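The numbering of the sequence shown is this note's numbering, which starts it at 1 and goes up by one.
Below is one structure, written out as structure tokens; comments come after it.
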Amino acid sequence: MLKLSGRDFLKLLDFTAEEIRYLLDLAKRLKAEKKAARSDGRPIHGVSFQGKNIALIFEKNSTRTRCAFEVAARDLNLGTTFLSPEGSQIGKKESIEDTARVLSRMYDGIEYRGFEQAKVEELARFSSVPVWNGLSNEFHPTQLLADLLTIEEHIGRLKGLRLSYLGDARYNMGNSYMVACAKMGMHYTACCPEEYFPDIELVKQCQSIAEESGGSISLSESVEKGCRNADVIATDVWVSMGEPAELWQKRIYDLMPYQVNEKAFSYAKPEAIFLHCLPSFHNTRTEIGAEIYEKYGISEMEVTDRIFESERSVVFDEAENRMHTIKAVVYATLGGI
Ligand code: CP
Ligand code: NVA
Numbered sequence: 001m002l003k004l005s006g007r008d009f010l011k012l013l014d015f016t017a018e019e020i021r022y023l024l025d026l027a028k029r030l031k032a033e034k035k036a037a038r039s040d041g042r043p044i045h046g047v048s049f050q051g052k053n054i055a056l057i058f059e060k061n062s063t064r065t066r067c068a069f070e071v072a073a074r075d076l077n078l079g080t081t082f083l084s085p086e087g088s089q090i091g092k093k094e095s096i097e098d099t100a101r102v103l104s105r106m107y108d109g110i111e112y113r114g115f116e117q118a119k120v121e122e123l124a125r126f127s128s129v130p131v132w133n134g135l136s137n138e139f140h141p142t143q144l145l146a147d148l149l150t151i152e153e154h155i156g157r158l159k160g161l162r163l164s165y166l167g168d169a170r171y172n173m174g175n176s177y178m179v180a181c182a183k184m185g186m187h188y189t190a191c192c193p194e195e196y197f198p199d200i201e202l203v204k205q206c207q208s209i210a211e212e213s214g215g216s217i218s219l220s221e222s223v224e225k226g227c228r229n230a231d232v233i234a235t236d237v238w239v240s241m242g243e244p245a246e247l248w249q250k251r252i253y254d255l256m257p258y259q260v261n262e263k264a265f266s267y268a269k270p271e272a273i274f275l276h277c278l279p280s281f282h283n284t285r286t287e288i289g290a291e292i293y294e295k296y297g298i299s300e301m302e303v304t305d306r307i308f309e310s311e312r313s314v315v316f317d318e319a320e321n322r323m324h325t326i327k328a329v330v331y332a333t334l335g336g337i
């Protein structure tokens, strides 16, 4: 019997494949229910968390994660309070431990986007209500549920699929893809310069999980080998939130050979799909994109505009699925069945 009620959602390593499967199936059900819902004021999902409230704490900016939590909460009749990167006492005047104890007295669940994974783990340790990781430097677990759902919707299964991640494989997205693939019996390849390979202890841990699930974990400096027969190619920005802007020059130099482009896809299966958690630098229509173009003459970074806008790109399905999967996490951990 699965026990998700009352649980934290901090990283996929804490969940079994069966539990992840349950959350994906629940998200599918909630997605179908929402699409079919009548707007007559009754709870869309037939269950009401009326009278319950959740806190949404963001120490870094967000579009998708914040909106996904807010819309999911609204659909479940949950109240929300948003605490912005500047707007709370957390860490500055009040410890994580005290914050957890205060918020647990008022809220039924807490979303937290911050820096080190240790912070969200500490918040969860001192909270008496479920804590959901909305992104840390090390992991982005709600994003991966959306990615798995999107892969399944487009390819029809997860087990046995080959997913290649190009870019900085040591950070939240690379780590999270590696863990998700290990858990779900998929073949993961981190494709980047050796300096960007994930932490060896995490690689070993994922390799041992993959041995059980029938998946595998590989690291490759060769785009040709790394993308060969891939079903899914994924990437992420080369400089993440909280990292210094001075890193751009080195990252562009190091990671440009690992840009997701037609060449990378030429090694993959013909029907392979493209994933990106977004936001993405695929043109110059952002402040940073324009600045990079001014400085380095590059108009597209981790993915070309052509791939981003192509049929194989399912990034907007992936973005929509953030909401359905986050709703599943909130629903299950708050005790909905
Ligand atoms: N993918 C993602 O987490 O997007 P936001 O930073 O906009 O929440
Ligand atoms: N690696 C990116 C992911 C954004 C969703 C970051 O941390 O900024």
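Note that beta-carbon positions come from the ideal geometry of N, C-alpha and C, so glycine has one too.
Predicted model, so just to flag it, every value in this text is computed and none were measured.
- Within the DSSP bridge table, the entry for A234 names Y165 and L275 as partners.
- Chain order is used for the residues whose beta-carbon lies nearer than 7 Å to a heavy atom of the ligand CP, namely N61, S62, T63, R64, T65, R66, L135, H140, Q143, C277, L278, P279 and R322.
- By the CB criterion at 9 Å, V232 and L275 fall inside the cutoff.
- Within 10 angstroms of the beta-carbon of T286 lie fewer than 16 other beta-carbons, which makes it exposed.
- With a contact defined as Cβ atoms closer than 8 Å, G134 and F49 miss out at about 19 Å.
- A Cβ-Cβ distance of about 14 Å is found for the pair I307 and S299, leaving them out of contact under the 8 Å criterion.
- Annotated three-state conformation of T286 is coil, per DSSP.
- Rounded to the nearest whole angstrom, the CA to CA distance from D108 to V129 is 6 Å.
- Distance from the C-beta of V260 to the nearest heavy atom of the ligand NVA is not below 8 Å.
- In the structure shown, R74 adopts helical secondary structure according to DSSP, grouped into three states.
- In the three-state reduction of the DSSP assignment, I292 falls in the helix class.
- Looking only at A146, F69 and S88, the smallest Cα-Cα distance to V131 is reached by F69.
- Per DSSP, the unbroken beta strand (DSSP E) holding Y112 starts and ends at G109 to R113.
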